[in-house]
Amino acid sequence: MDLKKELNKEQYLAATHVEGPLLILAGAGSGKTRVITYRIAHLIRNCGVSPYNILAITFTNKAAREMAERASFLLGEENLYGIWINTFHAACGKILRRYADRIGFNSNFIIYDETEVQVVLKECLRRLNIDEKYLDPKAVRKYISKAKDEMISWKDFTKSHDTYNNHLFRMVSEVYKMYQETLLANNAMDFDDMILMTIKLFKENPDVLDYYQEKFKFIMVDEYQDTNMAQYEFVRLLASKYKNLCVVGDDDQSIYGFRGADIRNILEFENEYHDCKVIKLEQNYRSTQNILDAANRIIKNNTERRHKRLWTEQGHGEPITRYEAEDQNDEALYIVSAIQDGVRKGMKYSDFTILYRINALSQTIEKALTRFGIPYRVYGGLKFFDRKEIKDIVCYLRVLDNPLDDVALRRIINVPKRGIGEVSYNNAYDIALREDTNVLNVFLNAGNYPELSRTASKLSSFALKIMDIMMKKDTMAISEYVKYVIYESGMIEELKRENTDEAESRIENLMEFISVANEYESEVLESPDAENLNNLTSFLQNIALSTDMDKQEEVDADTVTLMTIHNSKGLEFPVVFVIAMEEGTFPSMRAEMPEEVEEERRLCYVAITRAKKKLYLTHSRLRLLYGRTNYRVPSRFLRELELKAEKEEDRSEKSTTFRTGAVRKGAFGRVVNSVGDVKALNQQTGKVDTKDFKVGDRVKHKKFGNGTIVKMEGSGDKTVVEIQFDSTGMKRLMLAYAKLSHI
DNA sequence: CGACTGGCCGAGTTA
DNA sequence: CGGCCAGTCG
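Each residue of the first sequence is one higher than the one before, starting from 29 at the first, in my numbering.
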C-alpha cells in the first residue's frame, strides 16, 4: 500500500491527516470513498490505531458495505476486526440495544416503518376523538417529523408553539405526546427516535457517553451534507472529547433537505471546529470534461455553496445530447433506439441507466422497454419489503420476538383469514389499556370478557397458536425458524388454496424471504463486526433498516437500470438518460422558494455527474401524467446548460426497428386526443378571443413578459389560461382580461 | 365479519 | 389514472 502513489496530492493529504478535525469537500466522482478507506488503512497500519477505536458512519447500508469491503481489500478482513462501519441508524441501534433499559426500553425494541407510524397516529387520533378529516394524520406526521429532525420533543413542542391560542398546535402536541407514549408502551421507535434516543442516552448517562467517546477515538462521517440536527448532535457528542473527527461531503450534492438534512452542518463545520483542516477534492475520475463542464455550469447558479470546480485529465468525450420529444411515448422510443443502437455496437444493457425525478415517470419507459424486449430493472418502485406477504411474515416474527408488539399483532390477527376483525381487535385493545396488560394476553383469556364473547374461541386459539410457535424460537437457526413460521402460520396453505398467479408470486416472495434470512445468517458469521448477534431481534432490526437498494444483486445481470435521481446518488453509469426535464417536474412544481429551487438544481447536478461517458437529457412537448396530457415547458436547467435541442434527427437511419405503424399510432393516439379536447373547447365558446389562443401558443403579457400557454380551462368570458412565463414563472389569468398578444 | 364496489382525492424525493 | 376508504350487501 503506497499512499503517495495511489492517491493524488489532495487525496493523500486527506488520507494521512490523523489528529484533529478534518473537513473533506469531495466533489462528485473525486474518489471520496477511496480517501476514506485509505485513511482507515493508514490509521490502522501506519499509526497503530486499533480498529476497535474507529467509527465510520454512512447513510446507506450499501455505502457501509462498500466501505467495509474496500477497507478489507486493503488491510485484510482479520485486521479490521472490531471496527464499526455502519449507517447512523445501525450504529445507534447497536448502542441502544445494549443500553435500552437506561432509557426505559427493552433491548428487543422494534423500529416502526412509515406505514406503522401512520397506523399508530390514526389510533391516537381515534383515542383523542379527533376527526381525521379535521386533522390529517399525514399532516401530523409532518409536524412530528420536522420537530424530531430539529430535536424538539413533545414537551418542547408544547413550549415552542403557542398551544394555548393555536388550536392546531394544541392538537398536534397532544397527538405527539400520545404517539410517543404509545411507542414507548409498545417498546417501539420510529427512525428518528433511534438517533434521538441515543442522544438522550448519552446526555442522561455520562458514563455511557464517556465509554463511547473513549471507544471511538477516530470518527468518520460520510455524506456529511445530509446530516440533520439530531445526527449532527450525535456526532458532536461522540467527537467532543478527542475531536478526531473527519467529515466528508459535498454541499453541492445535498438533496435531502425534505427529510431534515441541514446544509449548514457542512457549510459551518469550520466555525464549529475552528482549528479544522479543509481539503477540497476537485479532480474527477469518473466523467468526461464535457459532462463536468455541464455540471459546473449548472451548479454555479446556486448561491449557497462552497466554490468548487470539477476537472479531469480525461478528454472531452462525447457531447451531451438534448432531445426534445413530441410526447412521452416518443421520448421512450428515442431512448429505446439509443439503447438498441449502443447494444448493436457492442455495449451491454447494463451500461444504460434512466434517471427521473418522480417514480411515476418510469411507467412509459417500462412499457417501451418491455415491448422491445430490453431487460430492465427498476430500483425503488414496488419494494420487496413493502409487499403485503413480506410485511405479514415480518409482523409474525415481530410478535414472536416481542408479544407486546400490538401494531404487528393487529396486522397478523387475520392473516390467514380466521374470522377476527377490526371490531374484536379494538375491543381487546381497549381492554388491554384498561387492565394495563397486552392484547395477546387479552386474547388468551378472551372467554372472560363479555364484549369478546362472539369471537372468544377464535381469539384464544389464535393466541395459543402464537404461543406454540414462540416455544420453538430458540431451538433453530433464523432461516429455519422463518421457514417454520411461514408454514406454521398457515399463510402458505391459504395462498395455495387461492391458486392464482398472484398467490403463486406471493409464495415465491416468501421463499425469497427465507433466502434473505439465509443471507443474514452468513453475513453475521463472516462479519468483522464483533457485536452482531445471531438472533431474531437483530435479524428484525436488520430488516427494518434494509431497503431494496441493499439487496445483493446478481452481478452478472445484464439489464438496463431505472431509478429516481435520489436513488442514484453515489452510483455511476457509462450512459445516463435524464428524462422529463420539464418545468413542474424538474424542477418540481412544489419547489417554490429559492432555496427549494437550489435543492432541485443540486439534484440536477447529481443526475448529470452520474454519467461517465455519455449523457442524454430528454424532455417532451406533451406529456401524459396523472391521467391528463399537458403541454410542457422545457426545464430552466436546460437553459442554464445552454444546450440546443437535438432536432427530430433521421432516426430511421439509426434504427429501423421502432418505426412501426403500431408504435407511431400509439404515440399519436394520445396527442390527438389532447389537442382534440382543446379544439372542442374552442368550438364550444364561439368567442373570438378564446379561439385566438390555444395551448402551446407563445404569448406576450404587458406585465409578465413572454410565456407559453400551458393549460386552458372554462369557456367564453370565463376562460382561464395557465401561462408559464419565461422569467416570472407560472400564472393563472382570466383570458378576457389578460390582454395577451401573440409573439 | 368480510368481500366487493363506487366514489373521491391526490399525484415527491427516503433511511 | 390509480389507490384507498367508506359504505353496503351477503
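Yeah, the Cβ is synthetic: ideal placement off N, Cα and C, and Gly gets one too. A quick note: this is a predicted structure, and the numbers were derived from the prediction, not measured.
Exercise. Return yes when the Cβ of E668 is within less than 9 angstroms of the Cβ of R350, no when it is not.
Key: Their beta carbons are not under 9 angstroms apart, which means R350 does not touch E668 by this criterion.
Exercise. State the CB to CB distance for the pair N454 and L480, rounded to an integer number of angstroms; the pair is presumed to be in contact (CB under 8 angstroms).
Key: At roughly 11 angstroms, the Cβ-Cβ gap does not stay under 8 angstroms, so N454 and L480 are not in contact.
Practice problem: With D280 as the anchor, note down where its alpha helix (DSSP H) starts and where it stops. | Solution: Neither: D280 is in no alpha helix (DSSP H) and is coded neither H nor E.
Exercise. Assign M495 to buried or exposed, taking buried as 16 or more other Cβ atoms, counted over all protein chains shown, within 10 Å of its Cβ.
Key: By the 16-neighbour rule on beta-carbons within 10 angstroms, M495 is exposed.
Quiz item: Out of R264, N256, R534, which has the shortest C-alpha to C-alpha gap to K245?
Solution: The residue among R264, N256, R534 with its C-alpha nearest the C-alpha of K245 is R264.
Practice problem: Please list, in chain order, all residues of the same chain as V703 whose beta carbon is under 7 angstroms from its beta carbon, the five residues on each side excluded. | Solution: Because the pLDDT at V703 is just 30, under 50, the model does not fix this residue reliably, and the point stays unresolved.
Quiz item: Tell me, which residues are paired with M591 by DSSP?
Solution: Its beta-bridge partners are L383.
Quiz item: Does the pairing of the stretch 397-406 with the stretch 517-534 give three or more beta-carbon distances under 8 angstroms?
Solution: Contact between the stretch 397-406 and the stretch 517-534 is absent, because fewer than three Cβ pairs lie under 8 angstroms.
Quiz item: Can you round the beta-carbon distance between T381 and F665 to whole angstroms, since I take them to be within the 8 angstroms contact cut?
Solution: The pair is not a contact, with the Cβ atoms about 19 angstroms apart (cut-off 8 angstroms).
Practice problem: Measure the beta-carbon distance from L425 to L568 and round it to whole angstroms, keeping in mind my assumption that it falls under 8 angstroms. | Solution: Yes, L425 and L568 are in contact; Cβ-Cβ is about 6 angstroms, under 8 angstroms.
Self-check item: Nearest-angstrom beta carbon gap, L652 and Q356 [assumed within contact, 8 angstroms]
Solution: The C-beta distance from Q356 to L652 rounds to 6 angstroms, short enough to meet the 8 angstroms contact threshold.
Quiz item: Nearest CA to the CA of T255: which residue from M499, N157, H117?
Solution: Measuring from the Cα of T255, the nearest candidate turns out to be H117.
Quiz item: Is the distance from the Cβ of Y140 to the Cβ of I172 below 9 angstroms?
Solution: No, they are not a contact pair.
Quiz item: Should I506 be labelled buried (16 or more other beta-carbon atoms within 10 Å of its own) or exposed?
Solution: I506 comes out buried.
Quiz item: I283: which of G655, R629, I64 sits nearest, CA to CA?
Solution: Taking each of G655, R629, I64 in turn and checking the Cα distance to I283, the smallest one comes out for R629.
Quiz prompt | 8 angstroms CB neighbourhood of N215 in its chain, flanking five on each side removed | solution = Counting only Cβ-Cβ distances below 8 angstroms, and skipping sequence neighbours, we find F133, N134, N136, F137, I138, N430, L432, D433.
Exercise. Could you check how far apart the C-beta atoms of V603 and G401 are, in whole angstroms? I think they sit under 8 angstroms.
Key: Here V603 is actually not in contact with G401; their C-beta atoms are around 19 angstroms apart, not less than 8 angstroms.
Quiz item: With which residues is F246 paired in a DSSP beta bridge?
Solution: Beta bridge pairing from DSSP links F246 with I82.
Quiz item: If you check the beta carbons only, do V63 and A42 fall under 9 angstroms apart?
Solution: V63 places its beta carbon less than 9 angstroms from that of A42.
Exercise. Hey, could you find the ends of the alpha helix (DSSP H) P165 is sitting in?
Key: Here the alpha helix (DSSP H) through P165 covers 165-177.
Practice problem: Could you tell me whether the Cβ atoms of E359 and A167 are closer together than 9 angstroms? | Solution: No.
Exercise. May I ask which residues mark the beginning and end of the alpha helix (DSSP H) holding T143?
Key: Counting along the chain, the alpha helix (DSSP H) containing T143 begins and ends at 142-155.
Exercise. Check L569 in the structure and name its three-state DSSP category.
Key: Residue identity differs from the one stated: residue 569 is Gln in this sequence, not Leu. Three-state DSSP puts Q569 in a helix.
Quiz item: Exposed or buried, which one is F219 when buried takes at least 16 other CB atoms within 10 Å?
Solution: Buried, by the Cβ-count rule.
Quiz item: Terminal residues of the continuous alpha helix (DSSP H) containing V391?
Solution: With the sequence shown as reference, residue 391 is identified as Gln, and Val is not the correct amino acid for it. Where Q391 is concerned, the enclosing alpha helix (DSSP H) stretches over 390-399.
Quiz item: How about K376 and D235: are their beta carbons less than 9 angstroms apart?
Solution: No, the Cβ-Cβ distance between K376 and D235 is not below 9 angstroms.
Quiz item: For the beta strand (DSSP E) that contains Y252, what are its first and last residues?
Solution: Judged by DSSP secondary structure, Y252 falls outside any beta strand (DSSP E); it is assigned neither H nor E.
Quiz item: Roughly how many angstroms lie between the CA atoms of T483 and G475, to the nearest whole one?
Solution: Each residue's Cα considered, the two are about 9 angstroms apart.
Exercise. State the CB to CB distance for the pair K641 and E346, rounded to an integer number of angstroms; the pair is presumed to be in contact (CB under 8 angstroms).
Key: Indeed, because the Cβ distance is near 7 angstroms, the residues count as touching under 8 angstroms.
Quiz item: Excluding the five sequence neighbours on either side, which residues of its own chain have a C-beta within less than 8 angstroms of the C-beta of L492, listed in chain order?
Solution: Result list for L492: L472, in chain order.
Quiz item: Does the stretch 51-61 come close enough to the stretch 297-309 that 3 or more CB-CB pairs lie under 8 angstroms?
Solution: Output reads yes: the stretch 51-61 touches the stretch 297-309.
Quiz prompt | Integer Cβ distance of M222 from G121, believed to fall under 8 angstroms | solution = The pair is a contact, with the Cβ atoms about 6 angstroms apart (cut-off 8 angstroms).
Practice problem: On a CA-only basis, which of T392, H770, R155, D164 is nearest K728? Give me that one, please. | Solution: For K728, the closest of T392, H770, R155, D164 by C-alpha to C-alpha distance is H770.
Quiz item: According to DSSP, is H302 helix, strand or coil?
Solution: Of the three classes helix, strand and coil, the one that applies to H302 here is coil, per DSSP.
Exercise. For R638, count neighbouring Cβ atoms within 10 angstroms of its own Cβ and tell me buried if that reaches 16, exposed if not.
Key: When all chains shown are included, R638 counts as buried.
Quiz prompt | Stretch-stretch touch, CB-based, cutoff 8 angstroms, three pairs: the stretch 67-86 with the stretch 101-113 | solution = Taking 8 angstroms as the limit for Cβ pairs, the verdict is that the stretch 101-113 does touch the stretch 67-86.
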